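If you're matching positions, the sequence shown starts at 0 in numbering that gives the first Met the number 0 and goes up one per residue.
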Amino acid sequence: MSLRKCAPLLAIFLILALAQAGLAKSKAKKSAAVAAAQPANADTAGGGKPAPKTKYETGEDPEFARQCGWPVKYPPPLPGSILPAKRIVAYYGNPKSKRMGVLGEYPKEEMLRRLKVEVDKWEKADPSKPVQPALHLVTVVAQGEPGKAGKYRMIMPDNIVKEVYDWAKEAHAIMFLDIQTGHSDIRTILPRFEWMLKNPDVHLAIDPEFNLISSGKKPGSKIGTYDASDVNYCSAYLRDLVKKYNLPPKVFIVHRFTRNMVTNARKIEVHPEVQMVMNMDGWGAPWLKRDSYRDYIIREPVQFTGFKLFYHNDTKKGDPLMTPQQLLKLVPAPVYIQYQ
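Have a look at this one:
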């Protein structure tokens, strides 16, 4: 599809972006912002009185994380692996929409400058872990209307994908292809992008929120879902791609902010060739984001964790954007940070 042919779809595109921004991004129940935990090796204070309990903000309790299964045992990283040696800091969006995320909100040069500012913040906050910048392109965009194919999704033209890839190269960044399937099966969509995924610096993300093939609902009206079998298909596809083209391991992002977005999560398979990241991408106040991270990421360990920050939605009710210092206190600390 050419850029000219793509232009008439922008109105629908922008309407959907508004729907995505307005959809409730978390089902977490409101809980106390501070959770108390008794250290396993706590001594008693003088006079036989119990030592004071250590108080942790939600998501920071190492004993809770340990009981959930952290740290996760996984194969040793293969040569060329990004995680866990580095932390990925990504800008998310689409250049055809200013409302979908920061990647398209600003002109290229300004966007890359802002990304560099965030990278510098993270490197200062955690000097022990180098930061890998990334551009996270929504490559298949869920739509509010069925379109000609009747699939409620639009595949970005190859020239737009290539353009963003060139931006990533310019910024010494890696690239993520994010897929919102609408009413398509991920098994029919993913192979279409082999031409990009065969590059060593291009990785994958899938968004269960916009996978509504089973419900028949249109995107933006209901939160979608993937089963572990769908995630395992994608992971195996990437594994085979790594072997086929002799590539370094791929990073594979799965967005999540409710329990049902990923069913049977404990059946997700991990391969040495694929580095799995479960990314908490719900928006809202810091307490709500912490609750979601605890309930949907920490409670069901897979391999690595991610955390999404929304410049506008997280702060629209007057709450501050969470800082690198706050996120680094989470246990486990996320190794993938996404800004929208």
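Just so it is clear, CB atoms sit at the ideal spot from N, CA and C, and this is done for glycine as well. Since we're looking at a predicted model, the values are computed, not measured.
Per the coordinates, the alpha-carbon of K243 lies some 19 Å from the alpha-carbon of I188. Listed in chain order, the non-local C-beta contacts of E162 below 6 Å within the same chain number zero, local neighbours out to five positions each way being set aside.
The beta carbon of R113 sits closer than 8 Å to the beta carbons of Y90, V101 and Y105 from its chain, once the five residues preceding and following it are set aside; these are given in chain order. Within its own chain, the residues whose Cβ lies closer than 7 Å to the Cβ of M321, once the five positions on either side in sequence are excluded, are P285, K288 and L308, listed in chain order. Counting along the chain, Q337 sits inside the beta strand (DSSP E) bounded by residues Y335 to Y338. The closest CA to that of Q179, considering only G103, F303, I154 and A170, is found on I154. When C-alpha distances from S214 are compared across G317, K120 and Y151, the shortest belongs to Y151. Under DSSP, the beta-bridge partners assigned to A141 are R152. Around the beta-carbon of Q337, 16 or more other beta-carbon atoms lie within 10 Å, marking it buried. An exposed status is given to R186, since fewer than 16 other beta-carbon atoms sit within 10 Å of its beta-carbon. DSSP places R265 in no alpha helix (DSSP H); its state is neither H nor E. In the DSSP assignment, I87 falls within the unbroken beta strand (DSSP E) covering R86 to G92. By the CB criterion at 8 Å, V250 and L136 fall outside the cutoff. Its chain contains K120, W121 and A124 as the residues whose beta carbon lies nearer than 6 Å to that of P323, once the 5 sequence neighbours on both sides are disregarded; these appear in chain order.
Counted as a single uninterrupted DSSP element, the beta strand (DSSP E) harbouring V201 occupies residues V201 to I205.
Counted as a single uninterrupted DSSP element, the alpha helix (DSSP H) harbouring T187 occupies residues I185 to I188. In the three-state reduction of the DSSP assignment, R255 falls in the strand class, which pools E and B. In this structure, the straight-line span from the alpha carbon of I212 to that of V160 is close to 25 Å. In the same chain as E208, and ignoring 5 residues on each side of it, the C-beta atoms closer than 7 Å to its own belong to I222, G223, H254 and M260, in chain order. For V160, the uninterrupted alpha helix (DSSP H) segment begins and ends at D157 to E169. For V118, the CB contacts under 6 Å within the same chain, skipping 5 residues up- and downstream, are V88, V130 and P132 in chain order.
Residue nearest to E299 within the set L329, H270 and T262 is T262 (criterion: CA-CA distance). Contact check for V273 against S234 passes: the beta carbons are separated by less than 8 Å. Inclusion of T314 and M277 in the CB contact set at 8 Å is not warranted, their separation being larger than that value.
When rounded, the separation of the alpha-carbon atoms in M174 and V139 is 14 Å. Pairing K85 with K128 gives a Cβ-Cβ distance under 8 Å. With 16 or more other CB atoms across the displayed protein chains lying within 10 angstroms of its CB, S183 is buried. For L77, the closest of W282, G283, R265 and R238 by C-alpha to C-alpha distance is R238. One Cα belongs to P247, the other to K316, and the distance between them is close to 42 Å. Rounded to the nearest whole angstrom, the C-alpha separation of S228 and A264 is 9 Å.
For V301 and E59, the gap between their C-alpha atoms comes out near 18 Å. Taking the CA atoms as reference points, A141 sits about 20 Å from Y232. Here G92 is buried, its C-beta having at least 16 other C-beta atoms within 10 Å. Just so you know, the alpha carbons of P70 and G79 end up roughly 22 Å apart.
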